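Engineer:
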Amino acid sequence: MSLSVSGRHAGLVLTVVGMVAGVFALAPIPQGSAAHLMVDGRPFFGIPNGFDVLSNIPFAAVGLLGLATTFATHASRSSPFSDRWERWPYAVLFANVALVAVGSSYYHLAPDNARLVWDRLPMSMAFVALLAALLAERVSVPLSRRLFVPLLVAGAASVPYWYWTEIRNAGDLRPYILVQFGSLVVIVLLLVLYPARHRGTRYLVAGLGAYAIAKGFELSDGPIFAFGGIASGHTLKHLAAAAGVACLVVMLRVRTRPVGVRPAVQPGSAASRRRGTEPPERSRPLSSSPV
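Using the working numbering, you'd call the opening residue of the sequence shown number 33 and step up by one each time.
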């Protein structure tokens, strides 16, 4: 049985409140001492940790391609956004993905907490921007507009807060964890509870799947490198995460269609009846039974 609109809203709000309460009920979570120890330290053309550095290049490529797709205008094709404001969360998302290429490369040249700030800052902004985009598309554009700046501020503030606590020997990753993983939980909930207004949801699901694979690569950094010594799990993490963003670019591209061409409508659907394209119901033949 499908939930009512009020039931969906209640489920979403309760989940957010429960996550915030649950995360902050935990003790402060410091950065692990081994967080900066990546297994593949090989230089490449004189670049320290070369493969972990250079594997960030795809972030720049997909980020710039995403920005071009977000702001592209074609006289012969429709916009991928039903409301002009919807492009701004995607613009922030793709701009920060491109900045990940810079921040993550800088970090991997000489990993430490101070450099990690510039890796995590654009990532946190990208997570909350995607959340705002999905809120606009599946819940309410006005709601997304009201929450957009507060979400960006919360996402950005989680990183300097973590660093500030680290340099005081009281490291606390809880806000950053809430921004990253909490945003993903809410995004999945939006996909489950609310219907899509645009085509291409399968590409968003593929992108989320690619990110899950990327986290698996990150956790298996050493074992993957030990299997042949070609690439580490962390290097593959960058490539898989960039592939996930590429799925979002494809999602926006498949939403466009030639101007003047309506999307296909299934016979019997509500849209078909509204447009008057449903074939008329055949009249029933008169009974030929004898009276």
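We treat Cβ as the ideally placed atom computed from N, Cα and C, and that holds for glycine. Remember, it's a predicted structure, so these values are computed and weren't measured experimentally.
#1: Looking at C-beta atoms only, is the number of pairs between the region 253 to 268 and the region 208 to 217 that lie closer than 8 angstroms three or more?
#2: Hey, quick one: how far does the alpha helix (DSSP H) through Arg206 stretch, first residue to last?
#3: Beta carbon of Gly276, beta carbon of Ala242: below 8 angstroms?
#4: Tell me which same chain residues have a C-beta within less than 6 angstroms of the C-beta of Ala302, skipping the five on either side of it?
#5: Would you identify the three-state DSSP class for Ile262, choosing helix, strand or coil?
#6: Whole angstroms is fine: what's the gap from Ala164's alpha carbon to Trp120's?
#7: What does the Cβ neighbour count give for Thr105, buried or exposed, with the cut at 16 atoms within 10 Å?
#8: Taking all protein chains shown into account, decide if Gly50 is buried (16 or more other Cβ within 10 angstroms of its Cβ) or exposed.
#9: If I'm right that Ser156 touches Gly187 with Cβ under 8 angstroms, what's the distance once you round it to whole angstroms?
#10: So is Asn201 buried or exposed if we call it buried at 16+ other beta carbons inside 10 Å?
#11: Just how far apart, CA to CA, sit Leu271 and Val132?
#12: Taking a contact to mean a Cβ-Cβ separation below 8 angstroms, would you say Gly239 touches Leu280 in this structure?
Structural biologist: The short version:
#1: no
#2: Following the DSSP letters along the chain, one finds Arg206 inside the alpha helix (DSSP H) bounded by residues Arg206 to Ile209.
#3: yes
#4: No answer about Ala302 holds up, because its pLDDT of 48 lies below 50 and its placement is not dependable.
#5: Ile262 falls in the coil class under three-state DSSP.
#6: 9 angstroms
#7: exposed
#8: exposed
#9: Their Cβ separation, rounded to whole angstroms, is 4 angstroms, which keeps Ser156 and Gly187 in contact under 8 angstroms.
#10: exposed
#11: 13 angstroms
#12: yes
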